Every structure is written in structure tokens, then in C-alpha cells.
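A.B. asks: The structure's right below; bear with me while I get my questions together.
Numbering (the working numbering), first residue to last: -12 to 145.
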């Protein structure tokens, strides 16, 4: 599969470490473009991810619903590029806003880090030229009215 996806010019992502750590080394041996979940990495796995610069897509709400556990988000962010995913639409709504809110409450990460995980990091992992307002990037913008009731009480504006 790894060779076929490379030949087709596609990304090769693998779910690893969702239930336990047993499949993480095998997944890393395949040199994926990214890993998904990484709920149960051990020190060796974190070192390999960092050394190989393999990004990780975390799905905190899904992992909680499926009782898989909580990824070591702060450790992952400190070692590699981390993006947010919503995972399984049968279990959760595919709402990036809900994923960002949940992550900001769950993990020791700043609002700016959560926003990066939900935007530019995911775009970069996917090889897309957006996710950041910057010259040379494609514009994909969402404008929010900061005076609406659903944003009342926001304290850490990014």
C-alpha cells in the first residue's frame, strides 16, 4: 500500500496507537506521511515520530467516545506537527469548532496552538496551500462576528 500510494501521488496515513501501543512501531516502519490517533505512544514511539518528523492527526472527541483514551497532546505538539481531526462521523459530528473547544479544555495547549492544529497544520500535512493568511497562500477564510451571543465570554481571542 505504501508504494502504491506513493506511485499514485497520494498521502499514506495510518491509524496507530488507538487501542494500545502494539501497532505503532510497525506503522512507523512503513514511513507514513502521517499517523492518526497515537493515544498510547511510549517514549520510544515519541522519539521515532520526532526523529522521522512524522505528523500526527489527533481525534480527541472520537477517542473519548470510543473509550480509547486521551493522546498525550502536549508531548506530541512538543515533538511534531499535530493536526486535529474529527474521525468517525457515526460517533461525532464533523465539527472542527467542537473539536477545537474540546481540545482546548482537555489539553495543556494554548488557543493559538489549537487554532494551528485545526488550520495550517492540517493543510500542511495534506499538502494544501492554505490554512494561514500569508502571501503566496490560497485564501480560505471564515469571518466570525465577535459580537454574537455564541462568542460571548471568549477570553483568549486568537
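Glycine is no exception: its CB is placed at the ideal position from the N, C-alpha and C atoms.
These numbers were taken from a predicted model, which means no experiment stands behind them.
State the start and end residues of the unbroken beta strand (DSSP E) segment that holds residue 70.
C.D. replies: In the DSSP assignment, residue 70 falls within the unbroken beta strand (DSSP E) covering 69 to 71.
A.B. asks: With a floor of 3 residues, list each beta strand (DSSP E) that falls wholly inside the segment 75 to 134, ordered by position along the chain.
C.D. replies: Listed in chain order, nothing qualifies, since the segment 75 to 134 has no complete beta strand (DSSP E) run of 3 or more residues.
A.B. asks: I'd like the ranges of any beta strand (DSSP E) spanning at least 3 consecutive residues and lying wholly in the segment 30 to 57.
C.D. replies: 43 to 45
A.B. asks: Report yes or no: do three or more beta-carbon pairs, one from the segment 5 to 19 and one from the segment 67 to 84, lie closer than 8 Å?
C.D. replies: Counting Cβ pairs under 8 Å, fewer than three are found: no touch.
A.B. asks: Could you say which of 47, 51, 44, 6 lies nearest to residue 29 if we only look at CA atoms?
C.D. replies: 6
A.B. asks: Taking Cβ to Cβ, would you say residue 26 is nearer than 9 Å to residue 50?
C.D. replies: Yes, the pair counts as a contact, with Cβ atoms nearer than the cut-off.
A.B. asks: Take the Cβ of residue 134 as the centre, count every other Cβ of all protein chains shown within 10 Å, and call the residue buried at 16 or more, exposed below.
C.D. replies: By the neighbour-count rule (16 or more Cβ atoms within 10 Å), residue 134 is not buried but exposed.
A.B. asks: Go through its chain and collect everything with a Cβ distance to residue 46's Cβ below 6 Å, but skip five positions before and after it.
C.D. replies: 72, 74
A.B. asks: Are residue 107 and residue 119 closer than 9 Å when you measure CB to CB?
C.D. replies: yes
A.B. asks: With DSSP as the reference, please indicate the residues paired to residue 9 in a beta bridge.
C.D. replies: Paired residue(s): none; residue 9 is not in a bridge.
A.B. asks: Would you identify the three-state DSSP class for residue 15, choosing helix, strand or coil?
C.D. replies: helix
A.B. asks: Between residue 61 and residue 96, is the Cβ-Cβ spacing less than 9 Å?
C.D. replies: Yes.
A.B. asks: Alpha carbon to alpha carbon, how far is residue -10 from residue 126? Give it in angstroms, no decimals.
C.D. replies: 33 Å
A.B. asks: In angstroms with no decimal places, state the Cα-to-Cα distance between residue 114 and residue -2.
C.D. replies: 9 Å
A.B. asks: Should residue 93 and residue 57 be called a contact, given that it needs their Cβ atoms to be closer than 9 Å?
C.D. replies: In this structure, residue 93 places its C-beta atom within 9 Å of the C-beta atom of residue 57.
A.B. asks: Just how far apart, CA to CA, sit residue 109 and residue 44?
C.D. replies: 8 Å
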